[in-house]
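S.K.: My questions will all concern the structure given below.
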Amino acid sequence: LPFDKQLQIASFNRRDMANLMFYFPNKFRHSSFIHSLGPNGENFISQMANNSNVTYDYANLLFYNGDFFSDEFVQSQLITADENGTYPLMYAVSKQRSIECIKLFVPSNEKSKYSVWNSLNNVKKRMYNIYAYITNEITKCFKKQSCIGLAVRNTNVNVLELLNWLKAEIDKDNWQKFIEIQDINVCYTHNQGLTPLMNALTHQSELNDNIIQVLIPKDFKENYTFWECKCNKYGVNTFFEEFLFIGKNILHLMFENALPNVEERLRLMKEYVPDESWENLVVTPDEVELKERNKVHYVFANNKEQQKPRFLEDHDKCLSDNFNGLEGLNMIHLVVSSENINAFGNLKCLQEQMPLTVWKELLDQKNKVVYNVVCGMKEKPFDAASRLRRSDIIKYLRNECFEKE
Numbered sequence: 001l002p003f004d005k006q007l008q009i010a011s012f013n014r015r016d017m018a019n020l021m022f023y024f025p026n027k028f029r030h031s032s033f034i035h036s037l038g039p040n041g042e043n044f045i046s047q048m049a050n051n052s053n054v055t056y057d058y059a060n061l062l063f064y065n066g067d068f069f070s071d072e073f074v075q076s077q078l079i080t081a082d083e084n085g086t087y088p089l090m091y092a093v094s095k096q097r098s099i100e101c102i103k104l105f106v107p108s109n110e111k112s113k114y115s116v117w118n119s120l121n122n123v124k125k126r127m128y129n130i131y132a133y134i135t136n137e138i139t140k141c142f143k144k145q146s147c148i149g150l151a152v153r154n155t156n157v158n159v160l161e162l163l164n165w166l167k168a169e170i171d172k173d174n175w176q177k178f179i180e181i182q183d184i185n186v187c188y189t190h191n192q193g194l195t196p197l198m199n200a201l202t203h204q205s206e207l208n209d210n211i212i213q214v215l216i217p218k219d220f221k222e223n224y225t226f227w228e229c230k231c232n233k234y235g236v237n238t239f240f241e242e243f244l245f246i247g248k249n250i251l252h253l254m255f256e257n258a259l260p261n262v263e264e265r266l267r268l269m270k271e272y273v274p275d276e277s278w279e280n281l282v283v284t285p286d287e288v289e290l291k292e293r294n295k296v297h298y299v300f301a302n303n304k305e306q307q308k309p310r311f312l313e314d315h316d317k318c319l320s321d322n323f324n325g326l327e328g329l330n331m332i333h334l335v336v337s338s339e340n341i342n343a344f345g346n347l348k349c350l351q352e353q354m355p356l357t358v359w360k361e362l363l364d365q366k367n368k369v370v371y372n373v374v375c376g377m378k379e380k381p382f383d384a385a386s387r388l389r390r391s392d393i394i395k396y397l398r399n400e401c402f403e404k405e
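1 is the number of the first residue of the sequence shown in UniProt numbering; add one for each residue after it.
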């Protein structure tokens, strides 16, 4: 195979790249693939930075040994952003598996280094095709992202060590500015309007005082706006509608990913959030807005014949456990329909904390149908538990609640 084809196939895999470097060291300088650009104008080094297969040992030799690339070529690529204003270093902080490898993507010139560290990307393309819904290309979906916002999404490295290094490199005034900036999503598949702290809460499995302190502003005790900022999330309901979650706050996000230490994280966050803001966050609901999907998505759905939902005239039958088509789900509905293995314990805890009159009122409430494509049943919590065959919950609701009446 031609060298360019082998280089593409290698996909920056350590072993394959080492073989190419050993057998064809003179081919790199003259490779047309290395001098070509990706779909968003990414140069070769940006593509490397955006690939987590890269390792420090071969990347260091490739960039700085002098046998493969000239120093002028490497430095030129390091200071060149793609069409979305994303530099190689920005890709690296979000994808690479070691800090020493990330450091390879820092320009050597002090002025250029400062410019890269203190930049925000500016994604211009909106993705409307189905590809946008099934990929997880972080840096291609968001704009107004700093190196901080991208770094806190990296789960391959010690995020505190990474942030401390970034803080030493980024201008102090810009650091304060960047940690309060909310990103903008152009792909519709992720939350948008997240600060770096919000992103850390949703991506990092470990959270401690040091991580929080480096991501909150100096005036955090009085900065109610920082704590109470809200984000949105776009999505696509499987076939016919788009949905938009409006007004999710920092507490919504903490429950969004089922991390095992949520209680510990909540206690930790409460130490930093002003009491007034905490009270506001606890009682602030989000909203869901449903919209018709555009014709492109509708046509795509209709081409998937085997995935079409069946329409039934009998609306007393539920076709799916998908609750996207329902509203009016109260706390008990949500617990009994959860796939969480602790659902039964959560239900008992809920009853212990809830006034008996409210508990009985919620037990008697039915959910509401937004549309009848997916589910046409109006259910009480006990009905939902029965349909889902949650025997432990069914027994508990029957014995503890109905018999008392």
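No residue lacks a Cβ here, since even glycine has one placed at the ideal position from N, Cα and C.
#1: Classify Glu287 as helix, strand or coil using the three-state DSSP reduction.
#2: Measuring CB to CB, does Ser52 end up less than 8 Å from Arg97?
#3: Keeping to the same chain, check which residues put their C-beta closer than 7 Å to that of Met331; ignore five residues upstream and five downstream.
#4: Excluding the 5 residues preceding and the 5 following Gly41 in the sequence, name in chain order all residues of the same chain whose CB lies nearer than 6 Å to its CB.
#5: Check whether the region 27-36 touches the region 86-106, taking contact to mean three or more Cβ pairs, one atom from each stretch, closer than 8 Å.
#6: Could you pull out every residue in the same chain whose Cβ sits closer than 6 Å to the Cβ of Leu197, ignoring the five residues on either side in sequence?
#7: How would you label Lys380, buried or exposed, when you count the other beta carbons within 10 angstroms and need 16 or more for buried?
#8: Tell me which same chain residues have a C-beta within less than 6 Å of the C-beta of Phe382, skipping the five on either side of it?
#9: Starting from Leu166, follow the alpha helix (DSSP H) in both directions and report where the run begins and ends.
#10: Can you find the residues in the same chain that come closer than 7 Å, C-beta to C-beta, to Met17, ignoring five residues on each side of it along the sequence?
#11: Leaving aside the five residues before and after Glu137 along the sequence, list all residues of the same chain whose C-beta is less than 6 Å from its C-beta, in chain order.
#12: Spatial neighbours of Thr155 within its chain, please: CB distance less than 8 Å, with the 5 preceding and 5 following residues excluded, ordered by chain position.
#13: Is Gly247 helix, strand or coil when you go by DSSP?
#14: Pick helix, strand or coil for Gln351, following the three-state DSSP scheme.
#15: Closest to Leu104 by C-alpha separation, out of Ser115, Asn158 and Met48, would be which residue?
#16: Leaving out the 5 sequence neighbours to the left and right, which residues in its chain are closer than 8 Å to Leu1 when beta-carbon positions are compared?
#17: May I have the straight-line CA-CA distance separating residue 406 from Gly328, to the nearest angstrom?
M.R.: Reading it off the structure:
#1: In this structure, Glu287 counts as strand in the three-state DSSP scheme.
#2: yes
#3: Around Met331: Leu350 and Leu362.
#4: Asp82 and Glu83
#5: no
#6: Within the same chain, Leu197 has close Cβ partners Leu215.
#7: buried
#8: Leu397
#9: Val159 to Glu169
#10: Ala10 and Tyr58
#11: Model confidence at Glu137 stands at a pLDDT of 47, short of 50, so the residue's coordinates are unreliable; what they give is reported in the following sentence. Nothing listed; no residue qualifies.
#12: Counting only Cβ-Cβ distances below 8 Å, and skipping sequence neighbours, we find His203, Gln204 and Ser205.
#13: strand
#14: helix
#15: Minimum Cα distance to Leu104 is reached at Met48.
#16: Ile9
#17: Examination of residue 406 is not possible in this model, given that the chain is present from 1 through 405 alone.
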